[in-house]
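Comments concern the structure below.
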Amino acid sequence: MNVIKNQDKALDDEDNRWEIISKHYVDKLTGLISTLDFGAELGAELTVKNYFNGAAVYADNTICASWSPVGLAFKLASAEVAELIASGQAKPLKYFAKGRIKKGYALFDDPQSKQKPALKAYFLKAADQATLTRVENSA
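Read in our numbering, the sequence shown has 120 at position 124, and its numbers run on one by one without any break.
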């Protein structure tokens, strides 16, 4: 059984806006994932953690997706990322306007407009890609 763990930490200082923003995205990601009903399709355990000004999803301890003020990003195969960006369905992931592009990620700046089956498919692909990348890097 695949369990979604939320490793959100308690907020000690209400004035810390980054922690408040991060908690917002942790809650959004945890809520979205729990509605997708992966069942036996998902071969990894998902964990949601704070990730600077957003939240990240880890598949078996390897990052596979993130949701922040710029949108929902998935770690996918390079060819699929290029195809999604070329078709205008996704954008390159940049956390800051003048920042560098995070290679291997497709960004959806309006994830609420996506249908749940499409988001589920991206989560499954991202989890597979993350665990595949982890295995390749450890070899």
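The C-beta atom is built at its ideal place from N, Cα and C for all residues, glycine as well. The structure presented is a predicted model; accordingly, all values stated were derived computationally and were not measured.
With DSSP run on the structure shown, which of helix, strand or coil describes residue i?
| i | result |
| --- | --- |
| Ile59 | strand |
| Val52 | In the sequence as displayed, the identity of residue 52 is Ala instead of Val. Three-state result, Ala52: strand. |
| Lys121 | helix |
| Glu15 | helix |
| Lys110 | coil |
| Gly39 | coil |
| Leu32 | coil |
| Thr127 | helix |
How many angstroms separate the CA atom of residue i from the CA atom of residue j?
| i | j | result |
| --- | --- | --- |
| Lys116 | Ser18 | 22 Å |
| Ala55 | Val44 | 9 Å |
| Lys110 | Leu128 | 26 Å |
| Pro113 | Leu32 | 8 Å |
| Ala135 | Ile81 | Note on Ala135: pLDDT 45, under 50, position unreliable in the model; the coordinate value appears next. Roughly 30 Å separates the two Cα atoms. |
| Glu15 | Asn49 | 7 Å |
| Lys71 | Ala40 | 15 Å |
| Lys98 | His20 | 23 Å |
Where DSSP assigns a beta bridge to residue i, which residues make up the other side?
| i | result |
| --- | --- |
| Val22 | Answer by DSSP bridge pairing: none, since Val22 is not bridged. |
| Asn46 | Ala51 |
Thinking residue i and residue j are a contact (beta carbons under 8 Å), I'd like their distance in whole angstroms, please.
| i | j | result |
| --- | --- | --- |
| Ala123 | Leu38 | 6 Å |
| Leu28 | Ala69 | About 13 Å; that fails the 8 Å criterion. |
Secondary structure, alpha helix (DSSP H): runs of 4+ residues fully inside the stretch 62 to 104 | 74 to 82
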